[in-house]
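**Student:**
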Amino acid sequence: MNAPLQPPEKLGLWLGLLGVFIFALTLPMTRLATGTAEAPQLSPWFVTWGRAALAGVLSVIYLLAVRAPWPLAEQRRPLYLSLAGNVIGYPLLLGWALRHVTASHAAVITALLPLATAAAAAWLMHQRARLGFWVFAGLGSALVAVYSVLRAAQMGHGFGLTWADTLLLGAVVAASLGYVAGAKVTASLGAEKVISWVCVMALPVTLPGAWITWPEHPIATSSWLALLYVGVFSMWAGFFAWFRGLSMGGPLRVSQLQLLQPFMSILAAVPLLGESLDAMTLGFALLVVVTVFMGRRMANAPTPATASR
Numbered sequence: 000m001n002a003p004l005q006p007p008e009k010l011g012l013w014l015g016l017l018g019v020f021i022f023a024l025t026l027p028m029t030r031l032a033t034g035t036a037e038a039p040q041l042s043p044w045f046v047t048w049g050r051a052a053l054a055g056v057l058s059v060i061y062l063l064a065v066r067a068p069w070p071l072a073e074q075r076r077p078l079y080l081s082l083a084g085n086v087i088g089y090p091l092l093l094g095w096a097l098r099h100v101t102a103s104h105a106a107v108i109t110a111l112l113p114l115a116t117a118a119a120a121a122w123l124m125h126q127r128a129r130l131g132f133w134v135f136a137g138l139g140s141a142l143v144a145v146y147s148v149l150r151a152a153q154m155g156h157g158f159g160l161t162w163a164d165t166l167l168l169g170a171v172v173a174a175s176l177g178y179v180a181g182a183k184v185t186a187s188l189g190a191e192k193v194i195s196w197v198c199v200m201a202l203p204v205t206l207p208g209a210w211i212t213w214p215e216h217p218i219a220t221s222s223w224l225a226l227l228y229v230g231v232f233s234m235w236a237g238f239f240a241w242f243r244g245l246s247m248g249g250p251l252r253v254s255q256l257q258l259l260q261p262f263m264s265i266l267a268a269v270p271l272l273g274e275s276l277d278a279m280t281l282g283f284a285l286l287v288v289v290t291v292f293m294g295r296r297m298a299n300a301p302t303p304a305t306a307s308r
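Counting from 0, one number per residue, gives the positions in the sequence shown under numbering that gives the first Met the number 0.
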């Protein structure tokens, strides 16, 4: 029988679940912030710069409070790579895509992110992955492609990947590369400091970017509130809950909570955006999550390859 969870482990699970819930709301909140192609609100460019600028200001306060030293020279390159993927690439591509597809649709495509991150780690960190991992990674990718094709045909766009789905896949790649880059310095800096330094180092770009792209037309209050959410929570506070949960509850146990994220996004889109649940989206989300679960179990071989110098 499994030993009962201790109080710190239980708290870790709850913090991990809170982190997953915060990240799950990113998709519907981003769509609420940007609006649709027919009824645009905030520009995806402004949402990208604005959310990172908000997180950057909060990060300055946090890093000063904990008296964090400036990252060493060898730590800055991975931080800049994480900045490119997680601060710019992912939110920008996601924002443009969500102007053309529903948050529920995007949840199915971005459900591949855990597998993409494991694949990026195997490639960049020279870790040998089992054949089974690549089989399930390929199967998950095929499921996403089939879903995209069927959805495009259903919407009258013909058979093929839509431009929005290409953007979503690009967002997944950008985020996965950013996560792996950040992971390289997590042990030396600490997880919370990694995301904070990334946001602070982005301020010379994000602050002027937000000023230049400031909207010139009236914006709905709900879109401003959605921007506040993705800046304060999705870009910053969510990582504190998630990383602390992983530390207290154990990475193996807590990381499995990520499998709930696509379903949380789909369900949250109903009250926030008025989207409807449909069997095809839920079915493909479930199938992709199953491939992610199986693929992650086989992500690492018993003996990792020696990193090349």
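Glycine included, every Cβ here is placed at the ideal spot set by N, Cα and C. Note that the structure is predicted; figures quoted are calculated from it, not measured.
(1) Which whole-angstrom value describes the C-beta separation of R75 and A36, a residue pair presumed to lie in contact below a C-beta threshold of 8 Å?
(2) Let me know the alpha helix (DSSP H) ranges lying completely inside the region 164-188, each 4 residues or longer, listed in chain order.
(3) Between the alpha carbons of Y61 and L12, how many angstroms are there, rounded?
(4) Excluding the 5 residues flanking L340 on each side, which residues of the same chain have their C-beta closer than 7 Å to its C-beta?
(5) Using the C-alpha atoms, what's the distance from A96 back to L286?
(6) Between A64, A23, L10 and L272, which lies nearest to S195 when the distance is taken from Cα to Cα?
(7) From L114 to H216, what distance separates their C-alpha atoms?
(8) Look up G273 in the DSSP assignment and say whether it is helix, strand or coil.
(9) Expressed to the nearest angstrom, what Euclidean distance is found between the alpha-carbon atoms of A201 and F239?
(10) Could you name the residues that DSSP lists as bridge partners for P39?
(11) Secondary structure at V100, three-state DSSP: helix, strand or coil?
(12) Can you give me the C-alpha to C-alpha distance between Q255 and L91, rounded to a whole angstrom?
(13) Spatial neighbours of A284 within its chain, please: C-beta separation below 7 Å, excluding the five flanking residues on both sides.
(14) Buried or exposed: which applies to L130, given that a residue is buried once 16 or more other Cβ atoms fall within 10 Å of its Cβ?
(15) Starting from F232, follow the alpha helix (DSSP H) in both directions and report where the run begins and ends.
(16) Nearest by alpha-carbon distance to P77: which of R243, V19, H104 and V193 is it?
(17) I want to check one thing, is the minimum distance from the CB of A141 to the heavy atoms of the ligand SAM below 7 Å?
(18) Over what stretch of residues does the alpha helix (DSSP H) that includes T205 continue unbroken?
(19) Helix, strand or coil for G249, going by three-state DSSP, please let me know.
(20) How many Å lie between G208 and V86 at the Cα?
(21) Compute the distance between the beta-carbons of G237 and G18, then report whether it is under 8 Å.
(22) Can G177 and G84 be called in contact, C-beta distance under 8 Å?
(23) Could you give the distance in angstroms between the alpha-carbon of L142 and the alpha-carbon of A151?
(24) Secondary structure at V65, three-state DSSP: helix, strand or coil?
**Tutor:** In short, the structure shows the following:
(1) Contact between R75 and A36 does not hold, since their C-beta atoms are separated by about 38 Å, which reaches or exceeds 8 Å.
(2) Counting only runs of 4 or more, we get 185-188.
(3) Looking at the two C-alpha atoms, the distance is approximately 24 Å.
(4) Given that the chain is displayed from residue 0 to residue 308, the structure contains no residue 340 and the question cannot be resolved.
(5) Distance between the alpha carbons of L286 and A96: 22 Å.
(6) When only C-alpha atoms are compared, the closest one is A64.
(7) Going from the Cα of L114 to the Cα of H216 covers about 40 Å.
(8) Coil.
(9) Those two C-alpha atoms are separated by around 19 Å.
(10) The secondary-structure analysis by DSSP pairs P39 across a beta bridge with G34.
(11) Under the three-state reduction of DSSP, V100 is assigned to coil, being neither helix nor strand.
(12) Rounded to whole angstroms, Q255 to L91 spans 27 Å at the Cα level.
(13) A distance below 7 Å between beta-carbons, with the five flanking residues on each side excluded, links A284 to the following residues of its chain, in chain order: A106, V107, A110, P261, F262 and I265.
(14) With fewer than 16 other Cβ atoms within 10 Å, it is exposed.
(15) Per DSSP, F232 belongs to no alpha helix (DSSP H) and is neither H nor E.
(16) It is V193 whose Cα lies nearest to the Cα of P77.
(17) Among the components modelled here there is no ligand, and therefore nothing to report on the ligand SAM.
(18) Counting along the chain, the alpha helix (DSSP H) containing T205 begins and ends at A190 to I211.
(19) DSSP places G249 in coil when its eight states are reduced to three.
(20) Distance between the alpha carbons of G208 and V86: 12 Å.
(21) Yes, these two residues count as a Cβ contact at 8 Å.
(22) Taking 8 Å as the cut-off, the beta carbon of G177 is found closer than this to the beta carbon of G84.
(23) Roughly 14 Å between the two C-alpha positions.
(24) Coil at V65, not helix or strand.
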